[in-house]
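Scroll down for the structure; my scribbles are underneath it.
Number of protein chains: 4
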Amino acid sequence: MAFDLRISTGSSTPIFRQIIDQVRLAVATARLKEGDALASVRALAEQLVVNPNTVAKAYAELARDGVIATHQGKGVFIAARRPIYTSAERLRRLEPALDDLVREAIALGFSTDDVQKLVQTHFRKMAGRKDGES
Amino acid sequence: MAFDLRISTGSSTPIFRQIIDQVRLAVATARLKEGDALASVRALAEQLVVNPNTVAKAYAELARDGVIATHQGKGVFIAARRPIYTSAERLRRLEPALDDLVREAIALGFSTDDVQKLVQTHFRKMAGRKDGES
Amino acid sequence: MAFDLRISTGSSTPIFRQIIDQVRLAVATARLKEGDALASVRALAEQLVVNPNTVAKAYAELARDGVIATHQGKGVFIAARRPIYTSAERLRRLEPALDDLVREAIALGFSTDDVQKLVQTHFRKMAGRKDGES
Amino acid sequence: MAFDLRISTGSSTPIFRQIIDQVRLAVATARLKEGDALASVRALAEQLVVNPNTVAKAYAELARDGVIATHQGKGVFIAARRPIYTSAERLRRLEPALDDLVREAIALGFSTDDVQKLVQTHFRKMAGRKDGES
DNA sequence: GTGGTCTAGACCACT
DNA sequence: GTGGTCTAGACCACC
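Line order of the protein sequences matches chains A, B, C and D. Taking the numbering used here, the leading residue of the first sequence gets 1, the next gets one more, and so forth. Taking the numbering used here, the leading residue of the second sequence gets 1001, the next gets one more, and so forth. Taking the numbering used here, the leading residue of the third sequence gets 2001, the next gets one more, and so forth. Taking the numbering used here, the leading residue of the fourth sequence gets 3001, the next gets one more, and so forth.
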């Protein structure tokens, strides 16, 4: 198996969101490439011990966003990468996470410099790692 | 009034969380100090035009975390400063937000540089403002 | 009620898609404007005699596309209009319908001119009509 | 071979539908005439690298609609031309596709002019090609 | 076998 | 009251 998905049921982020995030990240970091097959809805549901509908919901959103393409009766595949959001929209979608981080950082007494360095190291870590380290 | 709270109903972060965050932030930046009085549950609810239950929920969490102390019949006050976190602990608390941001950013196709610049401008915007303008 | 939604259960287009289409169209033709409230998930489900999940699915997609904004505990509202797709993506999303129409038109022996005129009259009809005529 | 069928797996329209559409189109444009032979189910399945069931399903629908006739042991042939539709009937058959296109176009923010131009270019592309290149 | 849709009913978070 | 998530189980279309 080329790609190992892991979810944590105890987390506050919903399972379907965890699936989406991991697939998107894997695609963005080229761990998954165009044409690669993903586990089928039923197979992944069984593997993660969740309801097939939960997996289907995640796959549906990924398909709507053009990350994957589902082929009836054949399975799910990574689609060609293409920019679908305007730059204003991309910014708008990043903003909540940005707000969260900065608010938290200020409350904890970090400086701009501190945070920028942390962002850089995190970027390297996530873009670089090859597989399932938490 | 020493401290002016502002919430934005249109935001995706719940109102009770906004209240909590702003109080914590004001304490962290010394805009609120030990012994300062906060508006009562009913007064704040009226001022913000939200349900009193929402304010009560926020105050309950702040009290639970030792940020404020409610003195029956007298009102709500900022509690003694909490012990300072070790730097490892501060980092640990920042990690989830950091993870979130970097993951989103990579998925949306932002570069390290992009994000660092965005962090800086957001930092200025939030640290500079004197009270919670959205 | 400012806006009257109608679905047909016999149709091959899924119910949730019919809901999405009608809301998008109403927004695009200014029959629904920023800030207007939509029927609640449960209310609409009851009105259309479908499962609340079906309505929720439609609302979720509309929210993801920035057409509506859902506010926990308060309801669903029309969001500010903003372009979220790149022009290439907009074209890509129109293409299937375009293909369908042209293929059908050719098979039925229509000329380019015929179709262009039909497109124009249909455009006027849909953009102009104020309420639920099929 | 008088007629060269091409399908695109990547498309959202099912393969069996693509086969049907292409045969109907070829008949409507007189590229296929009464009595012309089509490839057998097994031959076509092998040629297109699809499941024979898929081809059989397409041929079944074409036979049901009187477009082709299968002569046991001899093969599949184009049937006598169907009675020409009245112009009202032709319009009625085009309407669903027309509705779909215009609705999508409005929702995506295209103007009448945009769509008319797109219709024209699509028309040229499809009418001009001699056989089904995606 | 595959994914897509819908129903029924549960639990939770927020107001 | 509101919407969000998840489960369980059904039916359909496509390959």
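Glycine residues also receive a C-beta, built at the ideal position from the N, C-alpha and C atoms. None of the values given here were measured: they were computed from a predicted structure.
* To do: Thinking C/M2126 and C/L2025 are a contact (beta carbons under 8 Å), I'd like their distance in whole angstroms, please.
  => 7 Å
* Please classify B/V1049: is it buried, with 16 or more other beta-carbons within 10 angstroms of its beta-carbon, or exposed? => exposed
* Measuring CB to CB, does C/I2084 end up less than 8 Å from A/E89? -> yes
* **For B/D1099 and B/L1032, the rounded distance between their alpha carbons** => 30 Å
* Going along chain B, which residues have a C-beta under 8 Å from A/L25? -> R1103, I1106, A1107
* To do: Taking D/A2943 and D/G3075 to be in contact with their CB atoms under 8 Å, please state how far apart those CB atoms are, rounded to whole angstroms.
  => Look at the range of chain D in this structure, 3001 to 3134, and you will see that residue 2943 of chain D is not part of it.
* Residues of chain A with CB under 9 Å from B/V1115, in chain order? -> L94, L98, Q116, V119, Q120, F123
* Using a beta-carbon distance below 8 Å, is D/F3110 in contact with chain C? -> yes
* To do: Using the DSSP secondary-structure output, state which residues sit across from A/I68 in a beta bridge.
  => A/I78
* Does any CB atom of chain B fall closer than 8 Å to the CB of A/A60? -> no
* Continuous alpha helix (DSSP H) stretch holding B/S1087: start and end -> 1087-1108
* Asked: Taking Cβ-Cβ distances below 8 Å as the criterion, which residues of the stretch 74-89 of chain A are in contact with chain C?
  -> R82, P83, I84, Y85, T86, A88, E89
* Taking only beta-carbon atoms, is C/Q2072 less than 8 Å away from chain B? -> yes
* For C/L2101 versus D/L3108, is the C-beta spacing smaller than 8 Å? -> no
* Can you name the residues of chain D whose CB is closer than 8 Å to the CB of C/T2029? -> I3106
* Does any CB atom of chain C fall closer than 8 Å to the CB of B/P1052? -> no
* To do: Taking only beta-carbon positions, decide if D/T3013 is within less than 8 Å of chain A.
  => no
* Within 8 Å (strictly less), CB to CB, does D/D3004 reach chain C? -> no
* Look at A/Q72 and D/P3014 and say whether their C-beta atoms are less than 8 Å apart. => yes
* In angstroms, rounded to a whole number, what distance separates the CA positions of A/D21 and A/A69? -> 16 Å
* To do: Look at A/T121 and B/Q1120 and say whether their C-beta atoms are less than 8 Å apart.
  => no
* Counting contacts by CB-CB distance shorter than 8 Å, is A/A127 in contact with chain B? -> yes
* C/D2036 at chain D interface by Cβ criterion, 8 Å -> no
* To the nearest angstrom, how far is it from the Cα of B/E1034 to the Cα of C/T2086? -> 52 Å
* **Of the residues D/V3023, D/A3039, D/L3118, the one placed nearest D/G3066, counting alpha carbons only** => D/V3023
* **A/T9 burial status per 10 Å Cβ neighbour count (16 or more: buried)** => exposed
* To do: Run down chain C in chain order and give the residues with a C-beta less than 9 Å from the C-beta of D/D3065.
  => Residues of chain C passing the Cβ test: none, with the nearest at roughly 12 Å.
* Asked: Mapping DSSP to helix, strand and coil, what is C/L2118?
  -> helix
* Going by C-alpha distance, which of D/F3016, D/F3123, D/R3006 is nearest D/A3060? -> D/F3016
* Asked: Hey, would you say C/A2056 sits closer than 8 Å to C/Q2047, going by beta carbons?
  -> no
* If you follow the alpha helix (DSSP H) that B/V1050 is part of, which residue opens it and which one closes it? -> Taken as a continuous stretch (DSSP letters only), B/V1050 belongs to no alpha helix (DSSP H), as it is neither H nor E.
* D/T3054 versus C/R2092 - alpha carbon distance -> 27 Å
* Assigned exposure category for B/A1030 - 16 Cβ within 10 Å defines buried -> exposed
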